[in-house]
Amino acid sequence: MDLAIRALILYAFVFVLTRVVGRRELSSLQPFDLILLIVLGDSIQQGLTQDDYSVTGALIVVGMIAILQVATSYLSFRVPRLRPILDGLPIVVVEDGKPIRKNLHRERISVEELTEEMRLQQIASLDEVQWAVLETSGSISFIKKNDS
Amino acid sequence: MAEPPDAIDLGRDRDLQGRRKDVWVRRSLLALAALVPILALFNLFGQRPATSKASVPAATLSVYAPTRLRGGLLWEGRFHITAHQEIKNAILVLSSSWAEGMSINTIEPGPSNEASDNGKLEFTLGHIPANRSFILYMQFQVNPTNVGHRSRSTSLFDGETKLATVHQKVTIFP
Numbered sequence: 001m002d003l004a005i006r007a008l009i010l011y012a013f014v015f016v017l018t019r020v021v022g023r024r025e026l027s028s029l030q031p032f033d034l035i036l037l038i039v040l041g042d043s044i045q046q047g048l049t050q051d052d053y054s055v056t057g058a059l060i061v062v063g064m065i066a067i068l069q070v071a072t073s074y075l076s077f078r079v080p081r082l083r084p085i086l087d088g089l090p091i092v093v094v095e096d097g098k099p100i101r102k103n104l105h106r107e108r109i110s111v112e113e114l115t116e117e118m119r120l121q122q123i124a125s126l127d128e129v130q131w132a133v134l135e136t137s138g139s140i141s142f143i144k145k146n147d148s
Numbered sequence: 149m150a151e152p153p154d155a156i157d158l159g160r161d162r163d164l165q166g167r168r169k170d171v172w173v174r175r176s177l178l179a180l181a182a183l184v185p186i187l188a189l190f191n192l193f194g195q196r197p198a199t200s201k202a203s204v205p206a207a208t209l210s211v212y213a214p215t216r217l218r219g220g221l222l223w224e225g226r227f228h229i230t231a232h233q234e235i236k237n238a239i240l241v242l243s244s245s246w247a248e249g250m251s252i253n254t255i256e257p258g259p260s261n262e263a264s265d266n267g268k269l270e271f272t273l274g275h276i277p278a279n280r281s282f283i284l285y286m287q288f289q290v291n292p293t294n295v296g297h298r299s300r301s302t303s304l305f306d307g308e309t310k311l312a313t314v315h316q317k318v319t320i321f322p
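In order, the protein sequences belong to chains A and B. First residue of the first sequence? That's 1 in the numbering used here, and the numbers climb one at a time after it. First residue of the second sequence? That's 149 in the numbering used here, and the numbers climb one at a time after it.
Rendered as structure tokens:
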């Protein structure tokens, strides 16, 4: 029982944390971010199972996390009103070649970061972009102008 | 103006109508998450030790141990007896909550006798001359399922005579 409750609490904490730290932080994996991710996983594991090395313990924890993950995604699918809370909403960051600064500021994205992302998608200039949308996953999708 | 991509609502996703408060909800939750380590700095979740003392004309008993612990932690309890007068047969009696849900890794120096006094742990330390000290070290580890509040007490006896008692409240966090 203890392990299941621990899994529930830590799942909820990590879920809330990933929703509040900002999606860009989670989508861009720089080497430092990768190390942080490993450290985070290790810290959670210690609090989750502590000194329980049993297969039963692992089954309880993995099973509980699987149930919570499916329940979250089912809720998001079945209850549209919960979707913005569980998954977030996209944000338009460029319109007609012009960055929307207040939206970029809100998500802590600099114009340099935006143009870097743009170059990764083989777009040379913001003038070519009709729409850029920060998706709920943290990636930025670019839609080019029809004439470019 | 070009048509926005499908499923993009310009009012909601560009002008952020109805989403102004989202950023404050996010910041508040982040502040809440940051509050945990800040409170930890102030020893709210342990395990900084503190000294509790009981002093009588015959002796002073000091217990130096953390009163806030977390599951799995290794910690030390230090029992310092200062004899102001000769103690012929010092006996330290620890309430059962010292041992309940804890691993006792070591007791140094080893008592000359260990016994149970109605569920309490009784350690016979022997003779302590006047104006001398005796320090007993105990190393513990918290059982991860041992969560909650409890009271613990430590008493010093000279044979059958109780000299001093230290009471502490302990909180164990999951």
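Quick reminder that beta carbons are idealized off the backbone N, C-alpha and C, glycines included.
Thinking C-beta only, is A/R83 closer than 7 Å to B/V171? Position 23 of the second sequence, counted from the first residue, corresponds to residue 171 of chain B. Position 83 of the first sequence, counted from the first residue, corresponds to residue 83 of chain A. Not closer than 7 Å, so no.
Report all residues from its chain with a CB closer than 8 Å to the CB of B/S244; omit the five preceding and five following residues, and keep chain order. Position 96 of the second sequence, counted from the start, is the residue given in the question as residue 244 of chain B. Excluding positions up to five away in sequence, the list reads G267, K268, L269.
Range of the contiguous alpha helix (DSSP H) that encloses B/S176: Counting from one through the second sequence, the residue named residue 176 of chain B turns up at place 28. Run containing B/S176: 168 to 189, per the alpha helix (DSSP H) assignment.
Could you check where the alpha helix (DSSP H) with A/T49 kicks off and where it finishes? As a working mapping, residue 49 of chain A is identified with position 49 in the first sequence. 31 to 49 is the extent of the alpha helix (DSSP H) around A/T49.
Entirely within the segment 72 to 140 of chain A and at least 3 residues each: give me those beta strand (DSSP E) ranges in chain order. 91 to 95, 129 to 134
Could you name the residues of chain B that A/E95 contacts, counting a contact when the two beta carbons are closer than 7 Å? Your numbering for residue 95 of chain A matches position 95 in the first sequence. Neighbours of A/E95 on chain B, chain order: R162.
Taking A/R6 as the reference, which of A/F32, A/L36, A/Q30, A/V62 has the closest Cα? The residue you call residue 6 of chain A lines up with position 6 of the first sequence. Comparing Cα positions, the closest option is A/V62.
Assuming B/G220 and A/D51 are in contact, meaning their beta carbons sit under 8 Å apart, how far apart are those beta carbons, in whole angstroms? As a working mapping, residue 220 of chain B is identified with position 72 in the second sequence. As a working mapping, residue 51 of chain A is identified with position 51 in the first sequence. About 7 Å; that satisfies the 8 Å criterion.
Check whether the Cβ of B/L183 lies closer than 7 Å to any Cβ atom in chain A. Taking the second sequence and counting its residues from 1, one reaches residue 183 of chain B at position 35. No, B/L183 does not count as interfacial toward chain A.
Does B/P205 get closer than 7 Å to chain A when you measure Cβ to Cβ? Here residue 205 of chain B corresponds to residue number 57 of the second sequence, with the count starting at 1. False, the Cβ-Cβ gap to chain A never drops below 7 Å.
Could you check where the alpha helix (DSSP H) with A/Y11 kicks off and where it finishes? Indexing the first sequence from 1 puts residue 11 of chain A at position 11. Per DSSP, A/Y11 belongs to the alpha helix (DSSP H) from 2 to 20.
Can the beta-carbon of A/A12 be found less than 7 Å from the beta-carbon of A/M64? Counted from its first residue, the first sequence places residue 12 of chain A at position 12. Counted from its first residue, the first sequence places residue 64 of chain A at position 64. No. Outside cutoff.
Applying a beta-carbon distance threshold of less than 7 Å, which residues of chain B neighbour A/Q130? The residue given as residue 130 of chain A occupies position 130 in the first sequence. Per Cβ cutoff of 7 Å: A150.
Pull up the CB-CB distance for B/N112 and B/G274, whole angstroms please, since I reckon it's below 8 Å. With chain B covering 149 to 322 only, the question about residue 112 of chain B has no answer from this structure.
Distance check for A/V92 and A/I143, CA to CA, integer angstroms please. Within the first sequence, the letter at position 143 stands for residue 143 of chain A. Within the first sequence, the letter at position 92 stands for residue 92 of chain A. So the alpha carbons of these two residues sit roughly 11 Å apart.
Mind checking B/N253: buried by the 16 CB within 10 Å criterion, or exposed? Locating residue 253 of chain B in the second sequence gives position 105, counting from the first residue. By the neighbour-count rule (16 or more Cβ atoms within 10 Å), B/N253 is not buried but exposed.
Please list the partners that A/D51 has in chain B, where partner means a Cβ-to-Cβ separation under 8 Å. Here residue 51 of chain A refers to the residue found at position 51 of the first sequence. Under the 8 Å cutoff, chain B gives G220, P292.
Selection from B/I276, B/E248, B/L164 that minimises the alpha carbon distance to B/P102: Shown here, chain B extends from 149 to 322; a query on residue 102 of chain B therefore has no answer.
Residues near A/L68 in its chain [Cβ-Cβ closer than 6 Å; skip 5 each side]: Start at 1 with the first residue of the first sequence, and residue 68 of chain A comes out as number 68. Once the five neighbours on either side are set aside, the close Cβ partners of A/L68 are Y11.
Can you pull the chain B neighbours of A/R106, defined as C-beta to C-beta under 7 Å? Reading the first sequence from its first residue, position 106 is the one you call residue 106 of chain A. Per Cβ cutoff of 7 Å: V171.
Pairs of beta-carbons, one from the segment 124 to 139 of chain A and one from the segment 86 to 105 of chain A, closer than 8 Å: are there three or more? yes
Beta strand (DSSP E) runs wholly inside the segment 206 to 268 of chain B, at least 3 long, in chain order: 207 to 214, 216 to 218, 222 to 231, 235 to 242, 250 to 256, 261 to 265
Measure the C-alpha to C-alpha separation of B/P197 and B/N191 and round it to an integer number of angstroms. Locating residue 197 of chain B in the second sequence gives position 49, counting from the first residue. Locating residue 191 of chain B in the second sequence gives position 43, counting from the first residue. B/P197 and B/N191: Cα-Cα distance of roughly 9 Å.
If you draw a straight line from the C-alpha of B/M286 to the C-alpha of B/H315, how long is it? Along the second sequence, read from residue 1 onward, the residue named residue 286 of chain B stands at position 138. Along the second sequence, read from residue 1 onward, the residue named residue 315 of chain B stands at position 167. Answer to the nearest angstrom: the Cα atoms are 17 Å apart.
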